[in-house]
Amino acid sequence: MAALDGQGRLNRRSFVRLVGFATGAGVLAACSPSAPAAPTQSAAVPKPTTPPAAPAATTAPAGAATSAPAAAAAPTAAAAAPTKFTEAPQLADLVKQGKLPPVEQRLPANPLVVQPIEEVGQYGGTWRGAFTGVADFHAYGRNVYEAILRWPRDPHQPIQPGLAEKWEFSPDNKQLTLTLRKGLKWSDGEPFTTDDILFWWNDIALDKSLTPSPPSEWVINDEPMKVEALSPEQVRLTFPAPNGMALRMLAFHGNQWPLNFERFGFFAPAHYLKQFHPKYNSALTDYKTFNEKADDLDPGRPSMTSWRVTSWQPGDRAIVASRNPYYWKVDPAGNQLPYIDELRVELVEDSEALNLKAVNGEIDMQFRRIDIAKYTLLQESKQRGDYRVLRWPDANGSQVALFINQTFDDADLRPIFRDLRFRQALSYAINRKRINDVCFFSLGRETNAVLIPDSPYYVSETGDEYAQFDPDKAASLLQQAGLSKGPDGVWMMSNGQPLELTIETYQTKGAVFDATELVRKDWENIGLKAVLKSSQRESFWPRALDNQVGIAVWGTDRALEPFVDPIYLLPYDNRSWFAPKVGDWYSSRGAKGEKPEADMAKALDLFDQLKGSTDDAKQVDLGKQIVKLNADNLWTMGTVGAVPSITVVKNNFRNVPENAVTDWIYMSPGNLDPSQFFYKKA
Amino acid sequence: MLTYIVRRVLAMIPTLFLVSVLTFIIIQLPPGDFLTSLQANAADSGGSIDQAALDALRIQYGLDQPMWVQYVNWVKGFPSGDFGYSFEWKKPVSDLIGSRLGFTLVLSGLALLFTWLVAIPIGIYSATHQYSWQDLGLTTLGFLGLSIPDFMLGLIYLFVGVFVFNAPVGGLNSPDLESAPWSIPKVLDLANHLLWPTIILGAAGTAQLIRIMRGNLLETLNEQFVTTARAKGLPERTVVNKYAVRVAINPLISVMGMHLPNLISGATILGIVLSLPTTGPLFLHALINQDIYLAGTFLLMLSALLMLGNLFADVLLAWADPRIRYT
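Chain order of the listed sequences is D and Y. Numbered according to the numbering used here, the first sequence spans residues 113 to 794. Numbered according to the numbering used here, the second sequence spans residues 24 to 350.
Laid out in structure tokens, this is it:
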């Protein structure tokens, strides 16, 4: 039986069978009808990627939801865990020399079995990439994404086990118990236990000298969660109220990145770091040493990732990371992962040099910082460079989105910006097709949506709402909004002054800048005076945060799983540039900013409900309502979205899917399991 | 002479102090600080830093302090060789600058050498064969080097190198020799990579020197002592190279002092274009991101280099020209 039809969607028969089976399983697994207790997830591996083309309507469970047992990811052939293990030749040599324990002792009792995307791989090779500086940490960090739980490869599948093999909510949803795999070890061979989680929580997240306030995702109703270790493998998190975002946060922020800039993290090597922490080492007076030693790029620090940094000094030209002999994953044949020996991320001074390297075939697999404007050049040079070029849709609802600031301080513009008809008019005036053709090689999708169709929260009507090119309608809406056309054809405000709009962007060149210029032209074509002001990102950003920008331009990424950081969907904080002051109000819990009214208040209330619910279906429903509010009110005006990330992959670099959605929340390509990438020898 | 040098060096100190204060203020003029630009960068390329993390970093880096406190924090480490901490690279500034400054000096020094070694003989030749087609040809070549910006030449070199010769992009060493300890092959490899950047960097200065040399020499050749020397039967070569050039070269040494800033800034731009690990790209990023201690130290170092270079030029002039005496 072919489970998939020609376009990769489940055909009806297998869909019904799966749902029927899943429902049966769900009935068996559920403790009681009212409490949606999460089933214990075994080490069943995610189904190999199907192209995520299935529209949201046909998949039964919501995307990265978890507690519903209707997991489309549980194929009947749950991989029987392999019992015989093999390892990379270099490691086997070290074992022979007595420098490493044998592989069975290095792996945990229940290693995670990773399904290869194409085939079981071969050991060997160095993966060459490039980055533009330490601030570009993601260029390395996402390849070694390793968390308590994992994002799935396919966004329509639930969250996967990671370092934790199972998790369980209590009946009142206020407690979450995580069970780690037994026998996990850090890259230096020491055991990884709940001590490392406690150390992170008590001595890093709660230590005011390292973190002034505990990470907001673990603070509910102003109260930080309580963390207690029930055993070396089991830890219990207790929240004051049900925490509907907990599992997503464990997949997203539960990495071991405690002390680089982003301060994510859920665990840290206690056995190594305690000696540098002033609380445990009275000889130390400050945290400087601790910060250095706990930094994610410090070669001395043990890690749980597939490769660990072995070389990074000031003056180095590349981050070099080598295989972790204690890595806790295997492939179905029992080979300890990763296949690739070494990661080498080279430092370039400028992203142009990076693109030139890609054209020249010096990069083995990367999409980060590959410029879409170089697409044709990359295609032309692919024979020469021996690579293939993939187009992976980016989780970007709109590459160029405009935010009309409704809390703008200008007395004349503020009431106009707050008028929905005005915003609708601006949206109808934009010729999105032209932007797509001119700036993005027609590779994008003309839309007004903030999310992409692959997202479980996508509401299909929102894509086209107000997105048609209709200058006449725009003109009539402007009239309804109380503007009048002056004798020279320029629209005037009710006080007789001409209306002047300043569109601000931080791009000075490239596709986004050109697109913004086209928008400006479109608005001028219907008679609005519009000026494009571009400044450096570093000066644009603080001004935008400070409510000084009237019309801001930015991209709306995180369009797949927006609710871990929903700044484009609702006024979440001062980065929500359609109402930064309302964002301030929400993030400061009413201490500063402007109180929201009407639909904004409604959206924020829905979001609070979403955060407090652990029922996936309910979360998806609430999310969709928020998305609809955003679209109806045109808080975010989109133009062209889902522009592909251009991915350059050498021809001998395998187990890379043809199609994948790139998203920073999903830590792409981290969710594709880089440990199973390999170099195929001819 | 020694007292003169000592006096000059001592005079540098107040100037450097002034430079440090000015640069520190100017670097911090744009709105926001390192952390806001970090947040902006992160947001742009996928990533997000929340307020609590930013606040933690702000306190840790001392960015919440008033400017003069930050300045004092920076300056007080100077006597012990501590030039502050780079927020972006999370390493002490002295570690970062050391290797880069070394390469920059090598590149700029070689470019200077190249300029001189090329321009002076050409200038002499031009002067002695005035108005010949060789003279015109060489002068034209020099002007081409002057008028084509060095980043343009750099881009052409990059393009030809990659698409015609399949050379790897960027860096001063081939990837396999990158982390190897210094050895003869590594030095040769470095020389190989430095060859064209040196030429490009030196090209601009060549034209100027050629014209100056040519003009000076022509003037000198009309002097009476030259006529005397010829009359006394000295071979033409000796007259020109041993006597006339020595006099004509004096202004050039002064010009060298003025050349240094061009060289250093030219190396900056070229470093960015060709992705060379010199001070240029690091400096640019530090300025854009308001990595105050790194940028400030760079500027300070560059100013110090400049002043030392000028001093060196003056001393050289005194050595070359016995008529000059410093008191």
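For every residue, glycine included, the Cβ atom is placed at its ideal position computed from N, Cα and C. Quick caveat, the model's predicted, so the values are computed rather than measured.
Mapping DSSP to helix, strand and coil, what is residue i?
{"i": "residue 220(Y)", "result": "helix"}
{"i": "residue 636(D)", "result": "helix"}
{"i": "residue 504(D)", "result": "strand"}
{"i": "residue 517(D)", "result": "coil"}
{"i": "residue 704(D)", "result": "coil"}
{"i": "residue 413(D)", "result": "coil"}
{"i": "residue 554(D)", "result": "coil"}
{"i": "residue 458(D)", "result": "strand"}
{"i": "residue 254(D)", "result": "helix"}
{"i": "residue 291(Y)", "result": "helix"}
{"i": "residue 91(Y)", "result": "helix"}
{"i": "residue 388(D)", "result": "helix"}
{"i": "residue 800(D)", "result": "An answer regarding residue 800(D) cannot be provided, because it is not within the stretch 113 to 794 covered by chain D."}
{"i": "residue 610(D)", "result": "strand"}
For residue i, is the classification buried or exposed, using 16 other Cβ atoms within 10 angstroms of its Cβ as the cut-off for buried?
{"i": "residue 186(D)", "result": "With a pLDDT of 36 at residue 186(D), under the threshold of 50, the predicted position of this residue should be treated as unreliable, and no value is reported."}
{"i": "residue 606(D)", "result": "exposed"}
{"i": "residue 389(D)", "result": "buried"}
{"i": "residue 493(D)", "result": "buried"}
{"i": "residue 18(Y)", "result": "Residue 18(Y) falls outside the range modelled here, since chain Y spans only 24 to 350, and no answer is possible."}
{"i": "residue 92(D)", "result": "Nothing about residue 92(D) can be read from this structure; chain D reaches only from 113 to 794."}
{"i": "residue 652(D)", "result": "buried"}
{"i": "residue 742(D)", "result": "buried"}
{"i": "residue 199(D)", "result": "buried"}
{"i": "residue 298(Y)", "result": "buried"}
{"i": "residue 152(D)", "result": "Note on residue 152(D): pLDDT 35, under 50, position unreliable in the model; the coordinate value appears next. Classification of residue 152(D): exposed, given that the 10 Å Cβ count is below 16."}
{"i": "residue 188(Y)", "result": "exposed"}
{"i": "residue 175(Y)", "result": "exposed"}
{"i": "residue 106(Y)", "result": "buried"}
{"i": "residue 201(D)", "result": "exposed"}
{"i": "residue 166(D)", "result": "Model confidence at residue 166(D) stands at a pLDDT of 34, short of 50, so the residue's coordinates are unreliable and nothing is read from them."}
{"i": "residue 622(D)", "result": "exposed"}
{"i": "residue 154(Y)", "result": "exposed"}
Please name the residue, chosen from the options, that lies closest to residue i on a Cα-to-Cα basis.
{"i": "residue 593(D)", "options": "599(D), 585(D) and 600(D)", "result": "585(D)"}
{"i": "residue 245(D)", "options": "632(D), 463(D) and 612(D)", "result": "463(D)"}
{"i": "residue 210(Y)", "options": "174(Y), 230(Y), 126(Y) and 157(Y)", "result": "126(Y)"}
{"i": "residue 555(D)", "options": "504(D), 410(D), 588(D) and 574(D)", "result": "504(D)"}
{"i": "residue 608(D)", "options": "419(D), 392(D), 698(D) and 597(D)", "result": "597(D)"}
{"i": "residue 363(D)", "options": "628(D), 638(D), 258(D) and 436(D)", "result": "258(D)"}
{"i": "residue 48(Y)", "options": "76(Y), 92(Y), 197(Y) and 74(Y)", "result": "92(Y)"}
{"i": "residue 710(D)", "options": "386(D), 764(D) and 738(D)", "result": "738(D)"}
{"i": "residue 139(Y)", "options": "226(Y), 299(Y), 306(Y) and 312(Y)", "result": "226(Y)"}
{"i": "residue 186(Y)", "options": "473(D), 292(D) and 227(D)", "result": "473(D)"}
{"i": "residue 142(Y)", "options": "169(Y), 289(Y) and 155(Y)", "result": "169(Y)"}
{"i": "residue 53(Y)", "options": "333(Y), 314(Y), 260(Y) and 335(Y)", "result": "314(Y)"}
{"i": "residue 676(D)", "options": "263(D), 452(D), 212(D) and 514(D)", "result": "263(D)"}
{"i": "residue 740(D)", "options": "571(D), 565(D), 528(D) and 657(D)", "result": "571(D)"}
{"i": "residue 764(D)", "options": "776(D), 774(D), 284(D) and 793(D)", "result": "793(D)"}
{"i": "residue 224(D)", "options": "212(D), 272(D) and 506(D)", "result": "272(D)"}
{"i": "residue 510(D)", "options": "628(D), 533(D) and 276(D)", "result": "628(D)"}
{"i": "residue 180(Y)", "options": "55(Y), 263(Y) and 222(Y)", "result": "222(Y)"}
{"i": "residue 574(D)", "options": "582(D), 581(D), 583(D) and 563(D)", "result": "563(D)"}
{"i": "residue 280(D)", "options": "392(D), 261(D), 269(D) and 295(D)", "result": "261(D)"}
{"i": "residue 226(D)", "options": "418(D), 384(D), 243(D) and 253(D)", "result": "418(D)"}
So if DSSP puts residue i in a beta bridge, which residue, or which two residues, is it bridged to?
{"i": "residue 435(D)", "result": "419(D)"}
{"i": "residue 499(D)", "result": "762(D)"}
{"i": "residue 477(D)", "result": "761(D)"}
{"i": "residue 441(D)", "result": "224(D)"}
{"i": "residue 108(Y)", "result": "115(Y)"}
{"i": "residue 646(D)", "result": "617(D)"}
Is there at least one non-hydrogen atom of the ligand SAM closer than 7 angstroms to the beta-carbon of residue i?
{"i": "residue 513(D)", "result": "No copy of the ligand SAM occurs in the structure displayed, which carries no ligand at all."}
- Message: For a minimum of 4 consecutive residues, which ranges assigned as the alpha helix (DSSP H) are wholly contained in the stretch 724 to 793 of chain D?
- Response: 728 to 745
- Whole runs of the alpha helix (DSSP H) within the stretch 291 to 322 of chain D, excluding any shorter than 4 residues: 306 to 311
- Item | Start-end ranges of the beta strand (DSSP E) lying completely within the stretch 562 to 605 of chain D, minimum 3 residues | none
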